[in-house]
Amino acid sequence: MWVPGAGIPSRLTLSAFTRAGRFCVLNSGVARWKDVPAENCRGLYDFHTQLKPDVEFGKLSSRLYKSRSETKRYVTSPRVAETVVRMLRGKRKAGQLILECNPGPGVLTRALLESGARVIALESDKNFIPELKSLGNSVNGRLEVIYCDFFKLDPRNHGMVTPPVMTSDMLFQYLGVKAHPWKKGFPLKVVGILPAKTERNTLWKILHDLYSCSSVYKYGRAELNLFISEKECRKLTANPQTPALYQSLSVLGQTACGIKVVCTESLEQNLCFVQLTPHRNLFTGTLTPFNYDVFFHMLRQCFMKRNAKLIDHLPSLSPIDAVHILKQIKKKKDVRVVDMYPKDFLRLFETIECSKDDTCKWLYDEFMEDTLS
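First residue of the sequence shown: 0, per numbering that gives the first Met the number 0; consecutive thereafter.
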């Protein structure tokens, strides 16, 4: 049985398609065998990926200002900071560790400290560090300031890195944080604002890291508390009841996490405060950090023609009889991709993955070869 931190590669090949290192390739309508090197590969980032239906969206009440260089956003409203503290305090034990990403002027930092929390401030702008360290000197060691950009942890093909870019191993070893079993959770919570220019890519990286148990998730089931744009929030929480917004990002996010959204009113920017709590039982079934790439690929293929019938997609995913698959997942022949809830997609994946036909379970098209090599 695997555990976080047990040597799982940060990016995995589609080796779980069939036997180790082998899968079927769909080329001109013919399935053939192709070997895949058993080594790390670039994750499949080129995808477009359950909130209770009565949750409404509004505008976030905060004053946020942007850094001129990288369009960074910071909380400058004490009222918003207090709202965040109340959200984090809900299930928090006294003195729990909070990892704050790019605190900037430290408005939220002060509110967290006043609530009794211990804070690790990861600040990527050197201009803010002296003031944050001065604040740290006045709170008896409950604030530690590190020159680091949380959203740039573990860059792909990083080689040598220098602050503010870091690896999660560098950061957590410095902090003395050890890997925790997935079911036992994680000893700290993360809070921050997603970078405006790279918001969507950052969400995808978070999902890849989560499913592969790499980066922060190598150390356990970390809860992320993030300000994200209302646009991306709607997509992340969409389902078949909002088909125009529903996409593979929605399915992956809701399959992996419990998503809680808090919205208030804003004069300047439409942002939502979102809690992403990884499910404790995410990897107790067929889905694992070793075959998650297959799940990603399946969703990508399905949502390429989102309004098409699922039965029309299945022959491009698996050589297993499509009608038989639909019977197994208890869906009618006319069910469309956008009619499938996240739990239905997970059941579809598990049905194909657990098929008794072990000769070839999955297919992939030639256009994916560059991604896998």
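Every residue, glycine too, gets a C-beta built ideally from N, C-alpha and C.
In the DSSP assignment, LYS342 falls within the alpha helix (DSSP H) that extends over 341-352. Looking from the CA of ASP148, the closest CA among VAL322, LEU142, GLU352 and GLY191 belongs to GLY191.
Remark: C-beta atoms of LYS360 and SER317 approach each other more closely than 7 angstroms. In this model, CYS100 and LEU142 are separated by some 13 angstroms (Cα to Cα). Here PRO277 carries a strand assignment [DSSP, helix/strand/coil].
In this structure, LEU134 sits away from GLY115, with a CB-CB distance that is not shorter than 7 angstroms.
Here the alpha carbons of LYS182 and TYR210 stand approximately 15 angstroms from one another. Within a 10 Å sphere around the beta-carbon of GLY175 sit fewer than 16 other beta-carbons, which makes this residue exposed. Where VAL79 is concerned, the enclosing alpha helix (DSSP H) starts and stops at 77-88. From the listed residues ILE227, VAL337 and PRO288, the smallest Cα separation to GLN300 is found for VAL337.
About 5 angstroms separates the beta carbon of ILE145 from that of LEU121, a gap short enough to meet the 8 angstroms contact definition. In the structure shown, CYS301 falls within a helical segment according to DSSP collapsed to helix, strand and coil. Between VAL334 and LEU309 the beta-carbon gap is near 5 angstroms, inside 8 angstroms, which marks them as a contact. Between the segment 272-279 and the segment 222-230 there are three or more C-beta pairs closer than 8 angstroms, enough to call the two in contact. Bounds of the beta strand (DSSP E) holding ILE192 are 187-192. Counting other Cβ atoms within 10 Å of its Cβ, ASP320 stays below 16 and is therefore classed as exposed. The C-beta separation of SER123 from PRO163 comes to about 4 angstroms, placing the pair in contact by the 8 angstroms criterion.
For the segment 201-267, the full-length alpha helix (DSSP H) segments reaching 4 residues or more read 229-235 and 247-255 along the chain.
The continuous alpha helix (DSSP H) containing LEU107 extends over residues 106-113. In the three-state scheme derived from DSSP, where H, G and I count as helix and E and B as strand, LYS308 is classed as strand. Selection LYS326, PHE272, SER213 and PHE348 evaluated against LEU286 yields PHE348 as nearest (Cα-Cα). The continuous beta strand (DSSP E) containing VAL118 extends over residues 117-122. For LEU131, the uninterrupted alpha helix (DSSP H) run begins and ends at 128-135, by DSSP.
It is roughly 9 angstroms from the alpha-carbon of SER214 to the alpha-carbon of ILE205.
In this structure, GLU229 sits away from GLU198, with a CB-CB distance that is not shorter than 7 angstroms. Going by C-alpha positions, LEU112 is about 23 angstroms away from GLY184.
DSSP lists LEU121 as the beta-bridge partner residues of CYS100.
Comparing alpha carbon positions, the residue from PRO239, TYR173, LEU298 and THR350 closest to ILE119 is TYR173.
The shortest CA-to-CA distance from PHE282 to any of TYR216, GLU81, LEU98 and GLN246 is the one to TYR216. About 6 angstroms separates the beta carbons of LYS188 and ILE97, which is inside the 8 angstroms limit, making them a contact pair.
Residue pairing for TYR146: DSSP places it in a beta bridge opposite GLU122. Between VAL84 and ALA110, the C-beta gap is smaller than 7 angstroms, which places the two residues in contact.
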